[in-house]
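In this note's numbering, the protein residues as written are 5 to 108. Okay, so here's the structure we're looking at.
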């Protein structure tokens, strides 16, 4: 997974690769594909990867279910990042306001 790449793009690229491999008579089980997707995720995703590995049976977990779970997690990460960014902006504005008030 590349930096700033969303999970849907990762799945699209992965699907294109596996389709090309199938054309060359190289196939993977669903379990192996799920494990490959989980393995390619960056370190910030490791808590989610561990949760999926412990809570789900990777031998029967479908790619669609995995995609749904990862997209949900990605949304929560983005929402948390947005909230933190808003807090930073408010803090900066407050500091600017306080500095401005001091000089007046």
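Every residue, glycine too, gets a C-beta built ideally from N, C-alpha and C.
Segment limits, alpha helix (DSSP H) that includes residue 14: Segment 11-27, the alpha helix (DSSP H) holding residue 14.
So what does DSSP say about residue 51, is it helix, strand or coil? Look at residue 51 here: in three-state DSSP terms it is helix.
Are at least three pairs of beta-carbons, each pair with one atom in the stretch 20-29 and one in the stretch 50-66, less than 8 Å apart? In this structure the stretch 20-29 does not lie against the stretch 50-66, because fewer than three pairs of beta carbons, one per stretch, are closer than 8 Å.
Contact check, residue 74 vs residue 11 under 8 Å by CB: the rounded distance? About 5 Å separates the beta carbon of residue 74 from that of residue 11, a gap short enough to meet the 8 Å contact definition.
What do you reckon, are the CB atoms on residue 45 and residue 38 nearer than 8 Å? Going by C-beta atoms, residue 45 is not nearer than 8 Å to residue 38.
Going by CA-CA distance only, name the one from 13, 9, 25 and 70 that's closest to residue 35. If you compare the alpha carbons of 13, 9, 25 and 70 with that of residue 35, the shortest gap goes to 70.
Quick check on DSSP: helix, strand or coil for residue 41? In the structure shown, residue 41 sits in a helix (DSSP, three-state: H, G or I).
Can you give me the C-alpha to C-alpha distance between residue 82 and residue 6, rounded to a whole angstrom? Between the alpha carbons of residue 82 and residue 6 lies a gap of roughly 16 Å.
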